Amino acid sequence: MTLEKKQEFTLKITQANKTQLITILYEMVMDYLDEAIDAFAVGTRDDAEKSIRNAQNCIDELIHSLNMEYELARNLHKIYIFSKKELSGAYATGNIHRVWKVKKNFESLHEAYVELEKYDESESIMDNTQKVYAGLTYGRYALNEDITAVSMNRGLMA
938 MTLEKKQEFT LKITQANKTQ LITILYEMVM DYLDEAIDAF AVGTRDDAEK
988 SIRNAQNCID ELIHSLNMEY ELARNLHKIY IFSKKELSGA YATGNIHRVW
1038 KVKKNFESLH EAYVELEKYD ESESIMDNTQ KVYAGLTYGR YALNEDITAV
1088 SMNRGLMA
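Residue numbering for the sequence shown follows my numbering, beginning at 938 and increasing consecutively.
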């Protein structure tokens, strides 16, 4: 994942509520799977392994976020475990179709959570984050971002 993409995800995470965090994790999984597919296509197994491992780490975060008291969580758990096994098998066999299958599942889950975001009106999880203002300023074709440091005490307040 490029540094720019990581910064984009970091900014999204600092401003997200619980539902949006799940959506962001789905997006991260899909990005890593795209990287794995590209790496398999050009024959760089080391890059594919790294991308698959990163996707599995994101899936681990999704597993840890489940509240197993609910049937939906138990069903999602099965999907996540299946996905991790498929990705392990994809790397072991070099089968790009297994990665595609997992990516399609996550695309469907992502669509569902994007729809759920419309109904979740809770505030972002992180308080005291930096304010980011983005817009076209002084540069004809460049997007400049300005981060205002209101306080050195920022982030998740425990």
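Just so it is clear, CB atoms sit at the ideal spot from N, CA and C, and this is done for glycine as well. All of these numbers come straight from a predicted model, not from anything done at the bench.
- Residues of the same chain with a CB within less than 8 Å of the CB of Glu964, apart from the 5 flanking positions on each side, are Phe946, His1047 in chain order.
- Thr960 and Ile950 have their C-alpha atoms spaced approximately 10 Å apart.
- In the three-state scheme derived from DSSP, where H, G and I count as helix and E and B as strand, Lys1021 is classed as helix.
- Here Glu1044 carries a helix assignment [DSSP, helix/strand/coil].
- From the listed residues Val1039, Ala1049, Glu1058, Ile1033, the smallest Cα separation to Ala976 is found for Ile1033.
- Ranked by how close their Cα comes to the Cα of Ala973, the residues Arg1035, Lys943, Tyr1056 have Arg1035 in first place.
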